[in-house]
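Okay, so here's the structure we're looking at.
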Amino acid sequence: MNEYINNQTYISSGDMSADVTGGSIDAARMSKVSATCVNTSGSSPDGTIYIQTSNDGITWVNSGIGTGSAAINAAETNVLYQDLYERYVRIFFDRTSGSASLNVAITLKSV
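Everything in the sequence shown is counted per my numbering, starting at 5 for the first residue and increasing by one.
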């Protein structure tokens, strides 16, 4: 039987005038993650949003599996997804310039 973790307000009104780091999620027993990332302000920030994973909850790496990252440079919605092999997962926006507001909904699934 599949299990789900679903958080529709994982990041709510994140200030994209700086880097945005979502909270760590313990993804034990989960094998897939998907995140819907929405620039809700209509402004055009520049940066990259990543799914980050960690084995210990301390050292984080940007994902390179699946569609674990996307460039954000306009008012847009990005869907990120990937398989999970590490215990912890979070979302990270690496700002380059500009500002906006970020909402992220996240779902994890066991298979």
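Where is the CB? At the ideal position from N, CA and C, for every residue including glycine.
All of these numbers come straight from a predicted model, not from anything done at the bench.
{"Asked": "C-alpha distance - Val83 paired with Arg33, whole-angstrom precision", "Found": "22 Å"}
{"Asked": "Contact between the segment 51-58 and the segment 87-98 (3+ Cβ pairs under 8 Å)", "Found": "yes"}
{"Asked": "Cβ pair count under 8 Å reaching 3, the segment 34-45 against the segment 102-111", "Found": "yes"}
{"Asked": "3 or more residues per run - each beta strand (DSSP E) lying fully within the segment 30-70", "Found": "36-43 and 50-58"}
{"Asked": "Expected contact under 8 Å - CB spacing of Ser45 and Ser105 to nearest Å", "Found": "4 Å"}
{"Asked": "Three-state secondary structure assigned by DSSP to Asn107", "Found": "strand"}
{"Asked": "Chain-order list of residues whose beta-carbon lies under 6 Å from that of Ser101 (same chain, five-residue window excluded)", "Found": "Asp50"}
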